[in-house]
Structures are given as C-alpha cells and as structure tokens.
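Protein chains in written order, with this note's numbering: chain B, 1 to 278; chain L, 1 to 278; chain U, 1 to 278; chain A, 1 to 278.
Glycine residues also receive a C-beta, built at the ideal position from the N, C-alpha and C atoms.
Protein chains: 4
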Amino acid sequence: MSYSSIARDGDLAQLVGLSHKHIILTLKAGGELQTHRGVIKHDNLIGSNWGTQVFSHTGAPFFLLQPSLADILNELPRTTQILYPKDIGYILVTMGIAPGQRVMEAGTGSGSVTIALATAVGEHGKVISYEQKPDVQNLARKNIERVGLTSRVEFKQRDIREGFDETDVDAFFLDVQHPQEYIPQVRAALKPGGFFSTIIPTATQAEKILPVLKKNLFAFVEVCEILLRYYKSDPTHFRPVDRMVAHTGYLLFARKIEPSDDPRGRELANEVSIQDNT
Amino acid sequence: MSYSSIARDGDLAQLVGLSHKHIILTLKAGGELQTHRGVIKHDNLIGSNWGTQVFSHTGAPFFLLQPSLADILNELPRTTQILYPKDIGYILVTMGIAPGQRVMEAGTGSGSVTIALATAVGEHGKVISYEQKPDVQNLARKNIERVGLTSRVEFKQRDIREGFDETDVDAFFLDVQHPQEYIPQVRAALKPGGFFSTIIPTATQAEKILPVLKKNLFAFVEVCEILLRYYKSDPTHFRPVDRMVAHTGYLLFARKIEPSDDPRGRELANEVSIQDNT
Amino acid sequence: MSYSSIARDGDLAQLVGLSHKHIILTLKAGGELQTHRGVIKHDNLIGSNWGTQVFSHTGAPFFLLQPSLADILNELPRTTQILYPKDIGYILVTMGIAPGQRVMEAGTGSGSVTIALATAVGEHGKVISYEQKPDVQNLARKNIERVGLTSRVEFKQRDIREGFDETDVDAFFLDVQHPQEYIPQVRAALKPGGFFSTIIPTATQAEKILPVLKKNLFAFVEVCEILLRYYKSDPTHFRPVDRMVAHTGYLLFARKIEPSDDPRGRELANEVSIQDNT
Amino acid sequence: MSYSSIARDGDLAQLVGLSHKHIILTLKAGGELQTHRGVIKHDNLIGSNWGTQVFSHTGAPFFLLQPSLADILNELPRTTQILYPKDIGYILVTMGIAPGQRVMEAGTGSGSVTIALATAVGEHGKVISYEQKPDVQNLARKNIERVGLTSRVEFKQRDIREGFDETDVDAFFLDVQHPQEYIPQVRAALKPGGFFSTIIPTATQAEKILPVLKKNLFAFVEVCEILLRYYKSDPTHFRPVDRMVAHTGYLLFARKIEPSDDPRGRELANEVSIQDNT
C-alpha cells in the first residue's frame with residue numbers, strides 16, 4: 001500500500017464511476033483504460049491526488065481511489081464462490097495472522113483468501129497455497145499478480161490427499177469439499193499450537209468434521225457464523241436495507257494441541273475437546 | 001508473532017486452564033506466574049512446544065498457546081467498552097489496513113483498536129493514537145506494552161477539538177462520544193482518498209454524523225452492523241448457542257474525496273454522497 | 001375454515017402447481033379456473049379430498065389445499081407494502097387478539113392486517129378499518145371479500161386526523177405514514193388498558209413516536225424487529241438459504257394506561273415510560 | 001377476553017409492579033393477593049378501569065392490565081422449555097389456526113402451545129393434547145385452568161408411539177424428543193391436506209426428520225428460524241439492546257398430501273418434496 005497522497009506509476013488503483021461501477025487497475029505510464037464510458041489515459045491519473053475526480057475522453061466522471069482489501073475482494077474475477085470480507089476479517093483476527101508469518105491454504109480457488117493472507121503477512125511473510133485444478137490455479141495466479149502480491153505467494157498444484165511439503169506453518173486455512181478428509185495432512189503441516197480454520201457450507205458437514213478434529217488432537221474448537229447487515233445511509237430515513245446475504249458458511253476454528261501423557265492433564269484435554277462457547 | 005514451534009524467552013504466550021480460564025503473559029527467564037491453581041515457572045514454559053500441556057506446582061493442567069489477536073482483545077484489561085473481534089476484523093479489511101501504513105485513531109480507550117492496528121501495520125508501520133483522559137491513556141499504554149507493540153504506537157494526549165498534528169495518514173478510526181463534532185479535524189489529518197471509520201452505538205447518532213460527513217466531502221459511505229452467532233460444537237447436537245451479543249455498534253465507513261469543480265463531475269459527486277448499498 | 005376433509009362448494013381453496021405457483025380461489029359449483037397450464041373445472045375439485053392431486057384439461061398437475069393465513073397473505077393482490085406473516089404472527093400474540101374482540105386498524109392498505117385480525121377475532125368479533133384513499137380501500141374490500149371475511153369487517157373512509165367514531169376497542173393497529181401525528185386519536189378509540197401497535201420503517205420515525213406515546217400516557221413500550229431465516233430442506237445439505245429479507249419494519253407495542261394522581265404511583269409511572277427490555 | 005373497559009369478577013388480570021414484576025391472576029370477589037410489596041384485595045380491583053394504578057396495603061403501586069397471550073406465555077409456570085411468543089405467533093399464522101378448528105398437539109409440556117392453540121380456536125374449537133408424563137400433564141392442566149381455557153382442551157396421557165385416537169384434525173403440532181419416530185401416527189391423525197408443524201432444537205435432528213416426512217407423503221416443507229431483537233425505547237439513544245436469545249429451535253412446517261397414481265402428477269410430487277424456499 002502506498003504511503004503517498006499521490007497516485008504513482010505502479011500503484012494499484014480503483015476508479016469508481018457512475019452507478020458505483022468499480023474498476024481495479026495497476027497504473028502504468030503510457031497505459032490506457034477502456035471503459036464503457038470512454039478512454040482514460042493512465043498518465044492523467046499518475047501524479048493526481050487520490051480521492052480526486054478524473055474524466056474519460058468522453059467526459060464521464062470517475063473518482064480515483066486506492067482500493068482496500070475489501071474493495072479488491074469484491075471485484076475479484078472468480079470462477080468459484082469467494083469468501084466475503086465479513087468472513088475474511090474475522091478469520092484473520094481469530095487466526096492471529098500478522099506480518100512476517102508463514103501460512104498455508106488449500107484450495108486456492110479464485111484467490112480471495114490468498115490475497116487476504118498475503119496482504120496480512122506483509123512482504124516478509126509467505127503464503128503457500130495448494131490447488132488441485134490447474135485452470136483454477138491459473139486464474140488465482142492472475143488475480144494475485146494483478147494486485148502485486150506474487151512475490152509473497154507460493155502456488156502448488158496437487159491432490160492434497162497426498163499431503164503437503166511444508167511443516168511448522170503458523171496457520172492453515174482449508175477451503176475444499178469434504179474438508180474432514182484432510183485433517184491428518186493439515187495437522188502434519190501445522191506447527192505445534194498452530195491455528196486451523198475452515199469454512200463449511202452446511203450443518204451436515206460441520207457435524208462430520210467435528211469428531212475428526214477431536215480425533216486428530218485439535219482443540220479449542222469454535223464454530224460460528226457472521227452476519228452483515230447494511231443500512232441505508234439516509235439520515236432522515238435511517239433503516240436496514242431490504243435484503244441481505246443470509247448465509248455464506250459456518251466458520252470453524254481450532255488449535256493443534258499436544259496433550260500430555262500425564263494423567264493430571266486428562267481433565268483439561270477432555271474439556272477443550274467439547275468446548276461450546278455458550 | 002514468533003515463527004518458532006517452541007516458546008522462547010520474550011514471547012507473548014497464553015495459558016489456558018480448566019474452565020477455559022485464559023492468562024496472557026510475556027515469557028521471561030526466571031519469571032513466575034501465580035494462578036488460582038498454583039505457581040508456574042516461566043523456565044518450565046520456555047523451550048516447550050506450543051500447544052503442549054504444562055502443569056502448575058499443584059499439578060493443575062494448562063495448555064501453552066500463542067495468543068491470536070482475538071485472544072488478546074478478549075483478555076484485554078479495560079475501563080471502557082472495547083471493540084469485539086467481529087467488528088475489528090471487518091474494520092481492518094474494509095479500511096485496507098496493511099503492513100507499512102501510517103494510521104490514526106481517537107480516542108485510544110483501553111487500546112483494543114490500537115493493538116489491532118499496530119498488529120496489522122507491522123514493524124514498519126505506525127499508529128498515532130489520541131486520547132483526552134490521562135488515566136485512560138495510561139491503561140492503554142500498559143496494554144500495548146504488555147503485548148510488545150509499544151515501538152509501533154505514538155500516544156498523544158489532547159482534546160481533539162483542537163485538531164491533530166498529523167496530515168496525510170492512510171486511515172483514521174474515530175471512537176469518541178459525539179464523533180460528528182470532529183469531522184473537519186479528521187479530514188485535515190487524512191490523506192486525499194483516505195479511509196475513515198467510526199463505531200456508533202445508537203441510530204440517533206448515525207443520523208447526526210451522516211450529514212456532517214457529506215458536508216465535509218466524505219463519500220462512499222457504508223453503514224452496517226456485524227452479528228456473530230456461535231454454535232455448540234457437538235456433532236450430534238449441532239445448533240446455535242442459546243444467547244448472543246445482539247449489538248455492539250453501527251459501523252460506519254467513508255472515504256475523503258476531492259470533487260472537481262468541473263460541472264461534468266457533479267452527477268457522480270451527488271451520487272456517492274447518497275450511496276445506500278441496497 | 002372448513003372442518004371437513006373434503007373440498008366443498010363455497011370453500012376457500014389453494015391450487016399449487018409446478019414451480020410452486022400458488023392460486024387462491026373460492027370453489028363455486030359450475031365455475032372454471034383459467035391457469036397458464038390449462039383449465040380446471042371447480043366441479044372436479046368440489047368433493048375431492050384436500051391434499052390430493054388434480055389435473056387441468058391439458059394434464060398439468062396441481063395440489064388442492066386449504067390456504068393458511070400465511071398462504072393468503074403471501075398471495076394477496078397489493079398496491080402497497082403488506083405485512084409479512086413473521087410480523088403479523090407476533091403482533092397477534094403480543095396484542096392478545098382473540099375470538100370475540102372488537103379491534104381497529106388504520107390504514108387498511110391492501111388488507112393484510114385486516115384479514116389477519118378478522119381471522120383471529122372470529123365470527124363473533126369485529127374489525128373496524130379506516131383508510132383515507134378510496135381506491136386503496138376498494139382493493140382491500142375485494143381482498144377481504146375474496147377470502148370470505150366481509151361480514152367481520154367494517155370499512156370507513158376518512159382522514160384519521162379527524163379522529164375515530166369508536167371508543168373502547170380492545171386493540172388498535174396503526175400503519176400509516178407519520179404515525180406519531182395520530183396518537184391522541186388512537187388513545188380516544190382504545191379502551192382503558194387497550195393494546196396499541198404500529199410498524200415503523202425507519203429508526204428516525206421510531207425516535208419521533210416514542211416521546212409522543214409517553215406524553216399521551218402509553219406505557220409498557222416494547223420495540224423490536226423479527227427476522228425470519230429459511231433453510232434448505234435437504235437433509236444431506238442442511239443450511240440456511242443464501243439470501244433473506246433483512247428488514248420489514250420496527251414493531252412497536254404499548255398499552256394505554258391511566259396513572260393515578262396518588263403521589264405513591266409516580267415511581268411506577270416513570271419506570272414504565274422508560275422500559276427498555278434489556 | 002373481556003370486551004369490557006372495567007375489570008370484573010372472573011376476569012383474567014395482570015398486575016405489573018415496580019421493576020416490571022408481572023403477576024397473573026383471576027379476579028374473585030373477596031379474594032386477596034399476597035405480593036412481596038403488600039396485600040391487594042381483589043374487591044379493590046373489580047370494578048376498576050383496566051390500565052389504572054392500584055395500591056397494595058403498604059402503598060406499593062401496580063398497574064391493572066388484561067394480559068395478552070404473550071404476557072400469559074411469558075409468565076407461565078414451567079418445568080420444561082416453553083415456546084416463545086415469536087415462534088408461537090409464526091406457527092399459528094403458518095398453520096392457519098382459526099376459530100372453530102379441531103387441532104392436536106403432543107407433548108403438552110407446560111402447556112404454552114396448548115394455551116396458544118386454545119386461544120386461537122376459540123370457544124367453538126377444540127385442542128386435543130397428548131402427554132406421556134402424568135406430572136407434566138398435571139402442571140399443564142393447572143396452567144390451562146388458571147387462564148380459563150379448560151373447556152376447550154382435551155388432555156390425554158399416553159405413549160404416542162401407540163398412535164392417537166383422533167382422525168381428520170385440522171392441524172398437528174409435535175413437540176417431543178425424536179419427533180421423526182412419530183410421523184406415521186401424526187399422519188393418521190391429520191385430515192387430508194392437514195397442517196403439520198414441529199420445533200426442533202438441533203440441525204442434526206432436522207436432518208433426521210426431513211426424509212421421514214418425505215417418505216410419509218408430507219410435502220411443502222418449510223424450515224426456518226425466527227429471531228427477535230429488542231430495542232431500547234429511548235428516543236435519544238435508539239439502538240438494539242445488548243443481548244438477545246440466539247436460538248430457540250428450528251421451526252418445520254409441512255402438509256399431508258395424497259399424490260395421485262396418475263403418472264402426469266409425478267413431476268409435481270417430486271418437486272414439492274424437495275422444496276427449498278430459496
């Protein structure tokens with residue numbers, strides 16, 4: 001993210017036009033952007049203040065803004081369902097993702113979580129991302145490159161049933177069908193005490209993964225859902241908007257633990273395996 | 001955050017005992033922790049794997065874990081209402097907080113947002129945090145020091161009506177009573193296009209701040225609330241827990257814009273000032 | 001509602017066809033129903049068991065069912081926003097609407113609450129319904145007639161600013177713009193201790209009506225919202241549906257009280273006027 | 001429910017005292033009510049206007065009110081979990097419960113649904129309520145008698161595995177453990193096209209009952225949950241209260257259908273059995 005008040009060559013930028021159409025682009029000297037409302041020369045953007053209005057050759061107005069992580073996620077080209085900012089924000093905070101960490105995910109999908117993780121771990125961190133389908137991985141690569149995060153991400157293509165090359169990673173986010181089938185592999189990749197998270201579309205699947213986590217010595221299990229309700233920002237008619245997203249998935253969090261053989265520890269080990277957050 | 005699989009001298013750690021009592025501490029060679037269930041010597045923790053069980057001198061079991069940002073926030077000593085992880089995660093993602101940024105907040109309160117911002121901006125970033133009350137600021141200082149983030153935070157004590165010393169910051173989070181009274185000051189501190197966010201307890205206050213934001217040339221206003229619902233993690237009785245937090249506050253986001261004098265831009269400027277996210 | 005297991009001449013019926021298209025009709029010997037999938041003779045329905053399948057002259061299948069109040073409301077021809085079953089059910093129970101009562105509403109709108117009230121008060125009860133606009137009232141009349149409840153409803157057309165003819169009604173439901181302007185009139189119509197309810201689209205309006213209720217000696221105020229979330233009824237993929245209605249309105253309930261002049265009663269009178277249901 | 005503006009001998013009444021303590025009682029000439037704040041003679045209540053303030057012999061103030069169905073349910077003496085007004089209101093409206101119907105439930109529990117059904121079917125309707133445990137049934141009998149609805153309710157004590165005596169009832173509400181085990185018995189009691197509803201605490205149980213309903217020719221299945229959020233009724237600080245009930249149960253509705261042998265009907269029969277309300 002640029003410190004500068006001014007848009008510079010190489011910056012990631014966002015143009016917002018009429019009807020809130022958002023376009024995300026990387027500024028390049030000499031470049032041109034074709035929009036439905038005319039052409040915009042990058043050279044007219046480079047050197048402008050962020051937050052200012054710019055115009056296409058036909059006179060259509062746009063605001064020039066730096067995109068937030070949420071903006072980037074909302075505009076991401078996708079073939080698969082992506083995670084929403086409401087879920088990603090809670091995942092980052094609950095898994096303690098921070099600059100400098102080495103974290104993993106599978107599968108990559110369209111790369112929404114990849115981008116979020118790569119942003120949060122910073123330039124000294126690393127994201128290792130597994131995906132089985134080459135075409136899906138290719139789209140994710142393009143998405144990550146487009147936002148300038150390629151150097152922080154290592155892509156691997158594999159059926160993750162075979163396991164992962166890595167060990168001792170700080171955190172692992174799993175977003176695959178039948179996640180309950182890969183828990184031993186995930187455990188092998190995580191460092192002791194490492195953070196695990198997954199998103200699960202159905203209650204039926206949550207019921208399947210919970211005993212597998214317990215059996216594989218994951219504890220401090222937390223299952224939740226995040227609901228986001230927007231409001232109309234009209235000060236004389238303040239009220240929620242009419243409709244909302246009712247469900248994206250159940251979020252599940254757990255920690256890799258190593259219970260002691262000491263019989264004194266059994267009580268605690270049992271307790272954490274049935275934590276219910278009531 | 002430590003990369004290591006092993007707890008080391010100086011690491012921030014978390015001990016979780018029976019009944020899920022959480023204790024957050026910094027490991028120091030020679031140190032001792034007094035708990036309700038006996039004494040634990042830091043030297044018995046240093047060198048242990050994260051995720052393992054340890055025992056107090058009376059034999060009470062604990063798990064040794066690295067705390068996530070959410071863990072830290074949930075255990076924060078407080079005199080004021082703190083923000084919840086559900087809100088903080090969404091704020092970080094929607095404001096695009098990232099390593100290396102220079103961001104501000106007022107008021108500091110117990111320091112929960114300060115810690116979240118300081119974690120997200122990393123060691124090359126900076127958080128400037130204003131607070132009017134010296135005693136509140138002192139608690140926040142201790143909280144930030146306790147989690148090892150002091151070098152990233154600059155504290156200032158002031159009635160923010162007088163304005164801020166800084167300009168061109170990437171993002172500003174405002175959490176004060178009557179936030180509508182400080183919008184020009186916040187605008188002066190933000191860089192062009194900068195991100196603004198606040199949390200507002202009542203609908204009445206949301207109605208008051210919305211026209212002030214418009215008047216001070218903030219746009220792309222988004223108002224929302226985040227609801228978090230926990231589930232019992234029992235695979236044979238999967239269901240939501242009985243009670244939940246129903247309200248922490250309305251989250252409000254906006255961008256500092258600089259509309260053009262060009263009459264062609266008027267349409268867009270009007271539109272964004274009444275965005276309603278429907 | 002018919003007791004019978006068999007559809008009879010004069011019964012209110014519902015035909016549900018492919019894609020869950022619902023048609024509500026009153027069975028009449030010799031009648032014919034034109035559908036997009038062919039003609040159905042009423043005589044083929046009369047005498048059939050409820051719950052059976054019937055076929056149009058082109059062979060399109062339908063189920064023959066008695067409609068519930070919710071079914072009727074969901075299919076109601078409307079020019080105005082109607083209330084949803086989720087809100088109406090809670091209103092009926094919270095206002096204690098029961099067979100034999102004499103209740104009022106203003107405005108009638110498309111008649112959804114009218115139908116609900118007329119159903120609940122039964123054949124020995126009475127609903128008096130005021131509406132200012134003749135064309136809106138005409139639609140409501142047709143809707144009430146269509147479901148066979150005309151004898152229980154008395155329609156009046158008036159600007160309710162002039163007040164109501166009735167006194168001592170058991171309950172009053174107000175659904176008009178600017179409800180805060182008609183509270184003295186509503187009070188005059190209600191019996192002592194009578195139930196008041198209204199639905200309010202915006203927080204801004206709720207703030208306006210609350211002090212007016214207090215001033216006009218309404219107490220035991222309860223403000224709430226009801227959210228309905230549907231689930232996919234697939235036993236192997238049990239989960240909420242993707243989207244939901246986020247807002248229909250704030251429901252507000254209050255009782256007409258008559259505080260004593262006795263100074264000993266002041267404490268209670270003050271208390272109930274600021275009830276907050278926490 | 002009394003039409004009168006005046007409390008009369010034999011009326012069901014509610015006294016609301018300081019701290020919103022609610023007491024529900026039946027007025028009897030010569031009776032006395034002992035409260036924590038002194039004695040109130042029924043003769044001082046009989047003949048008073050509803051909504052007025054009355055005083056105990058120690059001078060403690062109370063409001064005299066008629067209780068709504070919601071008030072009665074909220075104050076019901078209970079040994080088991082009772083249903084909340086938010087759920088009961090939606091059940092009544094969705095099952096189309098109306099004056100004059102003959103409806104059933106099992107088990108009776110503390111009688112909360114019994115009271116709601118008996119209120120809604122009126123004096124010409126009938127509720128048949130099965131309960132296996134004699135002591136639970138006895139409490140329900142007392143609760144129903146206390147609110148004056150005994151003549152509308154027929155209690156039966158039985159293990160419902162043996163089936164029900166009744167046939168052709170309009171609607172059946174099932175609230176027992178393992179509801180999936182009694183669906184054929186419920187079907188035998190319902191009239192063709194009859195309404196079925198149950199409340200299910202866990203997702204796991206919902207998954208179990210759904211295929212049983214399909215197999216037993218119930219269709220038009222609807223699964224949902226109702227959330228109720230209260231607001232502080234302070235016009236200058238309008239906002240949701242801090243905490244709420246997050247879960248009471250999943251509500252499930254279905255209709256008893258009788259598919260035709262005609263092959264043309266197969267498409268519709270299949271469709272309704274997988275309805276998902278999306």
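Asked: is_contact[GLU145 (chain U), chain L] using C-beta, thresh 9 Å; Found: no
Asked: CB contact below 9 Å: VAL223 (chain L) versus chain A; Found: no
Asked: Chain L residues whose Cβ lies nearer than 8 Å to that of MET104 (chain B); Found: Under the 8 Å cutoff, chain L gives no residues; its nearest Cβ is about 14 Å from MET104 (chain B).
Asked: N-terminal and C-terminal residue of the beta strand (DSSP E) that PRO192 (chain L) is part of; Found: 190 to 200
Asked: Rounded straight-line distance, which links the Cα of ARG264 (chain U) to that of GLY38 (chain A); Found: 14 Å
Asked: Residues near LEU92 (chain A) by beta carbon distance below 7 Å, same chain, minus five either side; Found: ALA116 and ALA120
Asked: Reference SER112 (chain L), options L:PHE253, L:ALA203, L:LYS142 and L:GLN180, closest by Cα; Found: L:LYS142
Asked: Cβ contact (3+ pairs, closer than 8 Å) linking the segment 145 to 157 of chain A and the segment 122 to 133 of chain A; Found: yes
Asked: According to DSSP, residues forming a beta bridge with PRO61 (chain B); Found: B:PHE55
Asked: ASP242 (chain B): contacting residues in chain U (beta-carbon distance under 9 Å); Found: VAL245, ALA246, HIS247 and THR248
Asked: Sufficient close CB pairs (3 or more, under 8 Å) joining the segment 83 to 101 of chain U to the segment 206 to 222 of chain A; Found: no
Asked: Where the alpha helix (DSSP H) containing ASP87 (chain B) begins and where it ends; Found: 85 to 94
Asked: Endpoints, beta strand (DSSP E) assigned at ILE144 (chain L); Found: It is not in any beta strand (DSSP E) - ILE144 (chain L) instead sits in the alpha helix (DSSP H) that spans 134 to 146.
Asked: Cβ-based contacts, 7 Å cut-off: residues of the segment 80 to 94 of chain L near chain B; Found: PRO85, LYS86, ILE88, GLY89, TYR90, LEU92, VAL93 and THR94
Asked: Which of helix, strand or coil DSSP assigns to ASN49 (chain A); Found: strand
Asked: Coil, strand or helix - PRO211 (chain L) by DSSP; Found: helix
Asked: Supposed contact pair PHE238 (chain A) and PHE196 (chain A) - C-beta distance, whole angstroms, cut 8 Å; Found: Incorrect: roughly 40 Å between the Cβ atoms, too far for contact.
Asked: Whole beta strand (DSSP E) elements within the segment 219 to 261 of chain U, 3-residue minimum; Found: 243 to 245 and 250 to 256
Asked: Chain-ordered chain U contacts of ARG239 (chain B) [CB-CB under 7 Å]; Found: PRO201, THR202, ALA203 and HIS247
Asked: Endpoints, the beta strand (DSSP E) within which VAL39 (chain L) is located; Found: 38 to 41
Asked: Chain B contact residues for GLU207 (chain A), given Cβ-Cβ distances below 9 Å; Found: ALA203, THR204 and GLU207
Asked: GLN14 (chain A) in three-state terms, based on DSSP; Found: strand
Asked: Cβ-based contacts, 9 Å cut-off: residues of the segment 59 to 76 of chain A near chain U; Found: GLY59, ALA60, PRO61, PHE62, PHE63, LEU64, LEU65, GLN66, PRO67, SER68, LEU69, ALA70, ASP71, ILE72 and LEU73
Asked: Contact list for ARG229 (chain U) against chain B, beta-carbon separation under 7 Å; Found: ALA246
Asked: Proximity to MET107 (chain B) [Cα-Cα], best of B:LEU33, B:LYS156 and B:ALA7; Found: Correcting the residue type first, residue 107 (chain B) is Gly in the shown sequence and not Met. Considering only alpha carbons, the answer is B:LYS156.
Asked: Other residues of its chain near LEU73 (chain B): CB distance less than 6 Å, five sequence neighbours each side excluded; Found: PRO85 and SER112
Asked: Neighbour flag for GLU131 (chain B) against chain E, beta carbons, 9 Å; Found: The structure shown contains no chain E; the protein chains it does contain are B, L, U and A.
Asked: Span separating the alpha-carbon of GLN275 (chain B) from that of ALA70 (chain L); Found: Here GLN275 (chain B) scores only 42 on pLDDT, less than 50, and its place in the model should not be relied on; the value that follows carries that caveat. Straight-line Cα distance between these residues: approximately 17 Å.
Asked: Residue span of the alpha helix (DSSP H) that contains ILE72 (chain L), given as start and end; Found: 69 to 74
Asked: Straight-line Cα distance separating ARG8 (chain L) from THR278 (chain L); Found: Any answer about THR278 (chain L) is weak, because its pLDDT of 37 lies below 50 and its placement is not dependable; what the coordinates show is given next. Going by the C-alpha atoms only, they are around 50 Å apart.
Asked: Member of A:PHE173, A:PHE62, A:LEU190 and A:ILE97 whose CA lies at the smallest distance from the CA of GLY51 (chain A); Found: A:PHE62
Asked: Rounded straight-line distance, which links the Cα of PRO259 (chain A) to that of LEU83 (chain A); Found: 33 Å
Asked: Classification of GLN34 (chain L) by the beta-carbon crowding that lies within 10 angstroms, buried from 16 upward; Found: exposed
Asked: Within-9 Å CB hit, PRO235 (chain B) to chain U; Found: yes
Asked: Bridge-paired residues (DSSP) for GLU105 (chain B); Found: B:SER129 and B:PHE173
Asked: Alpha carbon of LEU251 (chain A) to alpha carbon of MET244 (chain L), nearest angstrom; Found: 19 Å
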